[in-house]
Structures are given as structure tokens and as C-alpha cells.
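Colleague: Got a structure for you, questions after.
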Amino acid sequence: MIQFFSTYDNVFYTIAAICFILGLKKLSHPKTARKGNFIAILGMFIAIAIAIFVGTTKQDIELSFIITGIMIGAAIGT
């Protein structure tokens, strides 16, 4: 499964970027804002999942460093 993610990581990053763009476009109108928010969240989830799976397999980055960065970012963002 991880081999699959590391092989097609650029494809998944492109899908995540498209989700962000579509989400921003749909946020411009009140009727489609909820759908746009959901699409942007989906894009963020894809990007984070690929960064975790590929980051821990391609480089020698430990998962603890990634989780620590997420925790620090979450603490600053709230």
C-alpha cells in the first residue's frame, strides 16, 4: 500500500491541488460554500496523508517529527 502511494505521489498531490482550487471557487457563493469547504477539506486530507506516507518511506524522516509538527501547528492555529 505504501509502495502505491510513493509511486503515484505526484498524481495525488495534483488531485489535492485541484480540490483546493475547486473548493476556493465554490466558496465564492453562499449556496455552494458548504460544498466548497468540504472539497477543500478533502484536498487537505489527501495532501497530509500523502505527505505522511511518502515522507516516511522516501526519506529517513521519522513519523514522530511529522506528528510533532502537526501538534505545534495545531496549537498555534487555535
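The opening residue of the sequence shown carries number 1 in UniProt numbering; numbering runs sequentially from there. The beta-carbon is built from N, C-alpha and C at its ideal position, and this holds for glycine as well. From a predicted model like this one, the values you see are computed outputs, not experimental measurements.
So the candidates are 65, 49, 75, 70; which of them puts its Cα closest to the Cα of residue 83?
Modeller: Here the chain covers residues 1 to 78 and nothing more, so residue 83 does not appear.
Colleague: Here's the rule I'm using: 16 or more other beta-carbon atoms within 10 Å means buried, otherwise exposed. How should residue 83 be labelled?
Modeller: Residue 83 falls outside the range modelled here, since the chain spans only 1 to 78, and no answer is possible.
Colleague: Once the 5 residues before and after residue 13 are set aside, which same chain residues still bring their CB inside 7 Å of it?
Modeller: By one-based count along the sequence shown, residue 13 stands at place 13. Excluding positions up to five away in sequence, the list reads 47, 50.
Colleague: Classify residue 13 as helix, strand or coil using the three-state DSSP reduction.
Modeller: Within the sequence shown, the letter at position 13 stands for residue 13. DSSP places residue 13 in helix when its eight states are reduced to three.
Colleague: Within 10 angstroms of its Cβ, does residue 54 collect 16 or more other Cβ (buried), or is it exposed?
Modeller: Locating residue 54 in the sequence shown gives position 54, where the first residue counts as 1. So residue 54 counts as buried.
Colleague: Alpha carbons only, please: which of 69, 20, 63 is nearest the one belonging to residue 38?
Modeller: Counting from one through the sequence shown, the residue named residue 38 turns up at place 38. Of 69, 20, 63, the residue nearest in Cα terms is 20.
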